[in-house]
Amino acid sequence: MERLVLALALAVAGTAAGGQIAGLYNGREALLAIAGASVAAALLGLIPLRRWHLPTAAAGLVAVLIGLNRWLPGPLDLTDAVTHAGARLLTSASPVPARADTLILPVAATWLAVSAASALARGRRPGAAALPLVALAAAMLVLAGPQAGTNYRRTALLIAALALLLVVVRPLPAYTRRAVPRLLRLASAALVAVALAGGTLLLAPPLLSGVTAAPPDLRAYVIAPVQAPPQTHPLSLVGRWGVHPEQPLLRVTADRPVTLRWAVLGDFDGKSWLPATTYRAAGGDRGGAPNPAVAVDQVHAEITVAELTGTWLPVPDGLRRVEGVAIAVDEESGAVAVTDGLRPGLAYAVDAAVPVPTPVQLATAQLPRSAKYDRYRELPTGNTGRIPELALTAAGDGLPYAQALKLARWLKTTYRFDPRAPGGSGYPSIVRFLTGAQPGDDRGTSEQFATAYAVLARALGIPARVVVGFRAATGNGPVTVTAADARAWPEIYLDPVGWVAIDVTAPPVTSTAAPTASPRPSLSAEPEDTPGGGDDPSAAPDVEIMTPEAEPPGGVPGSWLWLAWTTALFPLAFAVVALLRVRRTRLRLAGADDAARVRGAWAELRDGARLGGVPIRPHWTATEVVAAVSDAVAVEARDDLVRAVNRAEFAEAAEDLAAEPAVAQAADLIHRVRRKATRRRRLLWWIDPRPLWWR
């Protein structure tokens, strides 16, 4: 029975430890592969191989890797996959595709850790069996970094499995084995494991909720494998396409009108806006979950490239899946690149969950506090002209989204959109566009409108960037996206809705029209009014702003928390007492010499008599105590224990003292006392804390 429990504990601990990295992968295949390796290694440990354990474990690992390569084949053969296992894992975008070449490292590490733990469990120091599993969990957490998120459940499972493992691999002393039946010992160990797991799940989230420092990401120190080749700047292409609006770029079939993001420009050096230059290889299934605070529109589109060039792949916002082309991803901006570049006739399909925040969510959104978005607030040194002054005058006061709307409205009512106007996105072009006095200076392309807005928003402290893409007015059949559908638009980041696109290029019909802002940029030529027709969407008469009500005393959440605490703390307290009691017994019976062991057995007998309800007095001699206990359990009193106790306590030298008969007699008497005790005393025997203070 203990061997089966040991194998179960090893399998669960290996799965929980190796599974710390599973959140980095897409789908459940990674966790299943790690669990399979852990279970196989634990079952192999049941076989008494002795000196053949190491070669058998090595052969088993080879078999597991071959099976993994057959189940989840990757682009590399098995030999290359093993050689480049670490590099493939650290240079892939999150979520990492679950393939043999990316899974070999965690699967092999799990197999080796469980095999090592199984071997140590049968050695001279079985408690060391927990060390390889703890090291495995730490290694997987370091490899996963911040990308895998929190894993309280797997951590709790690991702690429970390690507790069960340590109880099983450290057999109890002879007295304890006789006093506690095998099934009861295993049940107690299971209770301890459950209590520790419950305590971890209950205490870890609130204790760690205030920890803001993210763990280090090893992938930040590894050069991404895909480098964007030199190509024409996307904003320059927007200007060229304005001269030849009839040029076909894409053919799109979608179930609804969709906006395709092409290039994301997040860095501004004062001269131009720069896209990301390095991308990480990614699987087609992007996985992950959309922002739960924001509703989404599900979009499916099938796209064929016509005359569009470059390496960026046009995809909708909220991308979830790409089929038909190998991609690489810049994880921060969400930009997607094609490793081989675009070519005419390239066809692919995409699925996306496009965020659609409500007017109330936008109106109440706040600026992010994370330092991650500071780069999108930076304005480099240079001739900024009156940009800060213009930003404050145009946006005024208010919440961030209200300021963003006022700024967009000011641009749309003050300047004119002209796709044939001169291009330029650096400080000189933006300052000329915003403050120039020459005729035509107030005309600009979508490039000038988008970059001017982004610079003005950054001057207000609002994170902003520029996106280049296309609007496809699809619905019932395929449509051709031409150069006239190309646009540049700004995006601002608000908490908790995420990146919000702002349309600033549509010319207003009247000077009081308000701009449209939505999670998908509205790039039509006609303006759309915000709810209520004003700047501030929170003032819309048809939108009810819900404010959370105070929770009444004794509500469901408070009652649940009280019940959870009570349910978890009682078993946890009982488990701690039982562990302390068992530890005390072990220390008493594992004395430095025979005399110490006899004194320990004598102390255990006195405690056992009191727990069993046998009346003894503190001033009684050893003879009187042994006689009282023997009478209580109806056995004949023996003198072995009495003589051994007297010699251990009072003799000056006790080198020839035989401790084994005395310890065995004490264990027998304690066992009989417990059997004679009432049911309540038997149930409370190991969780009664009083013996911890008895002397």
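Here the sequence shown stands for residues 345 to 1039, numbered as in the numbering used here. C-beta atoms are modelled at their ideal positions from N, C-alpha and C, and glycine is treated no differently. Nothing here was measured: the structure is a model prediction, and the numbers come from that model.
Please name the residue or residues paired with residue i in a DSSP beta bridge.
{"i": "VAL954", "result": "The sequence shown places Arg at residue 954, not Val. Note: ARG954 sits in no beta bridge, so no partner."}
{"i": "GLN835", "result": "Looking at the sequence itself, residue 835 is Glu, so the reference to Gln does not match. In the DSSP output, where bridge partners are listed per residue, GLU835 has ARG809, ALA845."}
{"i": "GLU667", "result": "ALA693"}
{"i": "LEU778", "result": "According to DSSP, which records beta bridges pairwise, LEU778 is partnered with nothing at all."}
{"i": "GLN642", "result": "ALA697"}
{"i": "ALA988", "result": "Paired residues: none, contrary to the question."}
{"i": "LEU1037", "result": "The sequence given here places Trp at residue 1037; Leu does not occur at that position. None, per the DSSP bridge assignment."}
{"i": "ALA672", "result": "ALA625, ALA681"}
{"i": "GLY726", "result": "Answer is none; GLY726 lacks a bridge partner."}
{"i": "GLN710", "result": "ASP839"}
{"i": "PRO660", "result": "LEU604"}
{"i": "ARG753", "result": "Note: ARG753 sits in no beta bridge, so no partner."}
{"i": "THR826", "result": "PRO592"}
{"i": "ILE647", "result": "VAL596, TYR692"}
{"i": "ARG787", "result": "ARG760"}
{"i": "ALA360", "result": "BP columns for ALA360 are empty, so no partner."}
{"i": "ALA816", "result": "VAL602"}
Enumerate in chain order the residues of its own chain whose CB-to-CB distance from residue i is below 7 angstroms, with the five nearest sequence positions on each side excluded.
{"i": "LEU387", "result": "ALA351"}
{"i": "SER677", "result": "VAL608, GLY610, ALA620"}
{"i": "ALA473", "result": "ALA461, LEU464, ALA465, LEU509, VAL513"}
{"i": "ALA739", "result": "GLN747, LYS750, LEU751, LEU804"}
{"i": "VAL673", "result": "ALA437, TYR623, ARG624, ALA626, VAL680"}
{"i": "ARG864", "result": "Low local confidence applies: a pLDDT of 32 at ARG864 is under 50, so the model's placement there is unreliable, with the coordinate-based value given in what follows. THR603, ASP661, VAL698, ALA845."}
{"i": "PRO399", "result": "none"}
{"i": "THR795", "result": "TRP617, SER769, ILE774, VAL810"}
{"i": "ARG664", "result": "ARG630, ASP695, ALA696, ALA697"}
{"i": "GLU373", "result": "LEU416, ALA442"}
{"i": "LEU354", "result": "ALA386, GLY389, VAL458, ALA461, SER462, LEU509"}
Beta-carbon within less than 8 angstroms of residue i's beta-carbon, same chain only, minus the 5 sequence neighbours each way: which residues are those?
{"i": "TYR720", "result": "GLY610, ARG802, PRO807, ALA808, ARG809, TYR837"}
{"i": "PHE814", "result": "LEU593, LEU594, THR603, LEU604, TRP606, PRO658, VAL825, ASP829, ALA830, ARG831"}
{"i": "PRO688", "result": "VAL649, ALA650, GLU651"}
{"i": "ALA1010", "result": "TYR519, ALA945, TRP946, GLU948, LEU949, LEU985"}
{"i": "TYR797", "result": "LEU751, ALA752, LEU755, ALA808, PRO834, ILE846, VAL848"}
{"i": "ASN635", "result": "PRO699, PRO840, VAL841, GLY842"}
{"i": "ARG347", "result": "LEU390"}
Within 10 angstroms of the Cβ of residue i, are there 16 or more other Cβ atoms? Answer buried if so, exposed if not.
{"i": "GLU722", "result": "exposed"}
{"i": "LEU480", "result": "buried"}
{"i": "LEU686", "result": "buried"}
{"i": "ASP661", "result": "buried"}
{"i": "VAL979", "result": "exposed"}
{"i": "TRP904", "result": "Reliability of the predicted coordinates at TRP904 is poor, the pLDDT of 43 falling under 50, and the value obtained from them is presented with this limitation in mind. The residue in question, TRP904, is exposed, as its Cβ has fewer than 16 Cβ neighbours within 10 Å."}
{"i": "TRP1038", "result": "exposed"}
{"i": "ARG468", "result": "exposed"}
{"i": "TRP964", "result": "exposed"}
{"i": "ASP718", "result": "exposed"}
{"i": "THR702", "result": "exposed"}
{"i": "GLY380", "result": "buried"}
{"i": "PRO783", "result": "exposed"}
{"i": "ASP445", "result": "buried"}
{"i": "GLY430", "result": "exposed"}
{"i": "ILE378", "result": "buried"}
{"i": "ASN727", "result": "exposed"}
{"i": "ILE731", "result": "buried"}
{"i": "TRP396", "result": "exposed"}
{"i": "ARG432", "result": "buried"}
Which whole-angstrom value is the C-beta distance of residue i and residue j, which I expect to be below 8 angstroms?
{"i": "LEU755", "j": "VAL698", "result": "In fact, because the Cβ distance is near 25 angstroms, the residues do not count as touching under 8 angstroms."}
{"i": "ASN370", "j": "VAL451", "result": "Not a contact, Cβ separation roughly 16 angstroms."}
{"i": "ILE960", "j": "ALA953", "result": "5 angstroms"}
{"i": "ALA453", "j": "GLY367", "result": "At roughly 16 angstroms, the Cβ-Cβ gap does not stay under 8 angstroms, so ALA453 and GLY367 are not in contact."}
{"i": "GLN705", "j": "VAL638", "result": "7 angstroms"}
{"i": "VAL958", "j": "ALA972", "result": "6 angstroms"}
{"i": "ILE391", "j": "LEU487", "result": "In fact, because the Cβ distance is near 31 angstroms, the residues do not count as touching under 8 angstroms."}
{"i": "ALA357", "j": "LEU502", "result": "6 angstroms"}
{"i": "THR789", "j": "VAL587", "result": "The pair is not a contact, with the Cβ atoms about 11 angstroms apart (cut-off 8 angstroms)."}
Return the chain-ordered list of same chain residues with a C-beta closer than 6 angstroms to the C-beta of residue i, the five sequence neighbours on each side being excluded.
{"i": "LEU516", "result": "Because the pLDDT at LEU516 is just 48, under 50, the model does not fix this residue reliably, and the value given afterwards should be weighed accordingly. Same-chain partners within the cutoff: there are none."}
{"i": "GLY729", "result": "VAL775, THR779"}
{"i": "GLU646", "result": "THR597, ALA693"}
{"i": "GLY404", "result": "LEU388"}
{"i": "ARG787", "result": "ARG760, ASP762, ALA765"}
{"i": "ALA385", "result": "TRP455, VAL458, SER459"}
With hydrogens ignored, establish whether the beta-carbon of residue i is closer than 7 angstroms to any heavy atom of the ligand FMN.
{"i": "GLU791", "result": "Of the ligands one can find in the structure shown there are none, so the ligand FMN has no counterpart to examine."}
| Of all the alpha helix (DSSP H) runs that stay within the bounds of the region 562-625, which reach a length of 4 or more residues? | 578-587
| Could you give the uninterrupted runs of the alpha helix (DSSP H) lying entirely in the region 383-471, keeping only those of 4 residues or more? | Counting whole runs of 4 or more residues, the region 383-471 contains the alpha helix (DSSP H) stretches 397-415, 422-427, 429-434, 444-465.
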